[in-house]
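Written out below as structure tokens is the structure these notes cover.
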Amino acid sequence: MGDGLPRRTTDFRRRIRWLPPEEERTMTTTTAQLFSDAPPSGRARVVESLKGPIGSIGVTLAATIIIGLLWTGPGFLSPSNIQIVGVSVAIPLIVAVMASFALLAGVVDLSIGSMVGFGAVIFNQLVSAGLDPWLVAGITVVVGAVVGLVNALVIVRFGAEPLAVTLGMLTLLRGLCQVIVVNAPPTTLVEPLYDLTQGAVLGFPTLLLIAMGLTLIAAGFVSKTRGGRKVQAVGGDPRAAARAGISVSRVRIAALVASSVGAAIGGILYVGQLGSASNVLGIGLEFQIYAALMIGGYSITRGGVGNPLGGLFGLLVVAGITNILNINFFDPDYLDLIVAAILIVAVLVDRLRGGDSFE
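Per this note's numbering, residue 86 is the first one in the sequence shown, and the count goes up by one each step.
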């Protein structure tokens with residue numbers, strides 16, 4: 086064109102040739118990043134989220150609620166029934182949150198159910214003998230810490246298989262419960278504990294609010310603190326964690342002690358809730374808790390994955406299914422079958438999920 090006006094070009098590469106080489110490279114790289122990092126469409130984001138642990142937990146919980154409404158009617162979401170589910174979830178949630186640290190560190194503690202029963206029996210018997218309840222509560226927590234320390238030392242110091250060690254401790258503690266409680270257990274009423282386990286704030290069970298508060302604190306610790314990242318690192322790859330200067334032994338010892346202490350506290354709270362402690366209290370509780378944790382994104386085959394919030398949602402699923410069966414007057418023996426089926430499904434989901442976690 087001969088009109089003297091500058092020519093326009095639509096060739097982007099021709100235009101950036103006018104830039105210095107350094108700026109040209111920067112411009113090209115930035116442009117490539119803009120296109121490569123472009124956010125997916127709304128539909129793609131929804132599909133992608135449903136594939137992950139958060140999506141699977143949400144879908145499972147929603148399905149449980151829908152089944153409950155279809156099978157039992159609107160009463161499933163009534164305030165009274167929600168309170169029943171909340172009360173049933175509170176103590177297992179406390180135990181699960183503390184046990185999740187061991188699972189996150191790559192160790193499965195099968196003794197938590199028996200530790201709940203043993204802690205309850207110790208607390209109930211000593212309070213019935215006339216000792217101060219708060220002193221006995223402290224003694225029970227110390228006993229829980231000692232049990233966890235024994236598990237940890239055998240596993241960490243001697244390199245024993247965690248499943249075998251904690252299964253042995255499960256049997257030992259259950260045997261002690263049988264020896265201590267031969268006849269009908271004494272009835273114990275500790276008013277502060279009773280008020281704690283039976284009270285409500287604005288219609289919500291007090292103990293459930295405390296358990297949810299503990300869950301939020303634990304979730305923040307896992308995801309936001311250096312200590313939580315150490316636990317994840319040890320569970321994910323203990324050798325790499327050791328090379329990074331993390332004491333794998335200390336982390337796993339602390340995690341196992343926390344797991345056992347949480348179970349002991351759960352036993353104390355059960356006495357406050359039930360007013361007694363039989364020698365069968367806590368049997369099978371470990372399977373309910375691990376089924377819930379696995380639904381919530383944890384793994385029993387590898388550590389380093391999971392978040393306590395996932396455990397909360399997993400417990401709500403298990404408690405919801407149990408509640409549906411109770412409302413429909415199913416034989417209690419079927420509950421164990423259902424929990425076993427849930428655990429098997431959770432294992433399969435864990436295998437299919439690969440390395441994903443609830444983040």
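Ideal placement from N, C-alpha and C gives every residue a C-beta, glycine not left out.
Anyone know if the C-beta pair for residue i and residue j falls short of 8 Å?
i: residue 271; j: residue 363; result: no
i: residue 190; j: residue 319; result: yes
i: residue 206; j: residue 262; result: yes
i: residue 188; j: residue 383; result: yes
i: residue 369; j: residue 381; result: no
i: residue 200; j: residue 348; result: yes
i: residue 403; j: residue 376; result: yes
i: residue 278; j: residue 357; result: yes
i: residue 234; j: residue 224; result: no
i: residue 243; j: residue 340; result: no
i: residue 156; j: residue 411; result: no
i: residue 202; j: residue 229; result: no
i: residue 241; j: residue 250; result: no
i: residue 209; j: residue 282; result: no
i: residue 141; j: residue 232; result: no
i: residue 323; j: residue 168; result: no
i: residue 184; j: residue 374; result: yes
i: residue 385; j: residue 193; result: yes
i: residue 378; j: residue 391; result: yes
Decide if residue i is buried, meaning its Cβ has at least 16 other Cβ atoms within 10 Å, or exposed.
i: residue 220; result: exposed
i: residue 159; result: exposed
i: residue 309; result: exposed
i: residue 416; result: exposed
i: residue 247; result: buried
i: residue 352; result: buried
i: residue 268; result: exposed
i: residue 286; result: exposed
i: residue 163; result: exposed
i: residue 326; result: buried
i: residue 332; result: exposed
i: residue 264; result: exposed
i: residue 91; result: Low confidence applies here, because residue 91 scores a pLDDT of 48, under 50, leaving its location unreliable; read the following figure in that light. So residue 91 ends up on the exposed side.
i: residue 399; result: buried
i: residue 389; result: buried
i: residue 215; result: exposed
i: residue 365; result: exposed
i: residue 422; result: exposed
i: residue 431; result: buried
i: residue 121; result: In this predicted model, residue 121 has a pLDDT of only 44, less than 50, meaning its place in the structure is not dependable; the value taken from the coordinates is given anyway. The residue is exposed, with fewer than 16 neighbouring Cβ atoms inside 10 Å.
i: residue 222; result: buried
Can you give me the Cβ contacts of residue i inside the same chain, cut-off strictly under 6 Å, excluding the 5 residues immediately before and after it?
i: residue 154; result: 161
i: residue 437; result: none
i: residue 296; result: 175, 178 and 179
i: residue 182; result: 299, 300, 303 and 393
i: residue 252; result: 195
i: residue 259; result: 199
i: residue 218; result: 212 and 275
i: residue 334; result: 241
Which partner residues does residue i have in the DSSP bridge list?
i: residue 290; result: 285
Under 8 Å Cβ to Cβ from residue i, same chain only, skipping five residues before and after it: list those, please.
i: residue 372; result: 198, 424, 425 and 428
i: residue 387; result: 191, 320, 321 and 440
i: residue 306; result: 312 and 313
Kindly list the residues whose CB is nearer than 7 Å to the CB of residue i, restricted to its own chain and excluding five residues on each side of it in sequence; keep chain order.
i: residue 145; result: 380 and 402
i: residue 149; result: 402, 405 and 406
i: residue 152; result: 409
i: residue 336; result: 190, 315, 316 and 319
i: residue 342; result: 230, 233, 234 and 237
i: residue 420; result: 407 and 410
Cβ of residue i within 7 Å of any heavy atom in the ligand GDP?
i: residue 296; result: Questions concerning the ligand GDP fall outside what the structure shown contains, since it holds no ligand whatsoever.
Which runs of the alpha helix (DSSP H) fall wholly inside the stretch 387-414 and span at least 4 residues, in chain order? Qualifying alpha helix (DSSP H) stretches, in chain order: 393-412.
- Message: Quick check on the DSSP output: what are the complete alpha helix (DSSP H) runs of length 4 or more inside the stretch 288-376, in order along the chain?
- Response: Runs found: 291-309, 311-321, 323-328 and 333-359.
_I'd like the ranges of any alpha helix (DSSP H) spanning at least 4 consecutive residues and lying wholly in the stretch 185-213._
Within the stretch 185-213, the complete alpha helix (DSSP H) runs of at least 4 residues are 197-213.
### Every unbroken beta strand (DSSP E) inside the stretch 211-285 [3 residues or more]
Complete beta strand (DSSP E) runs here, min 3: none at all.
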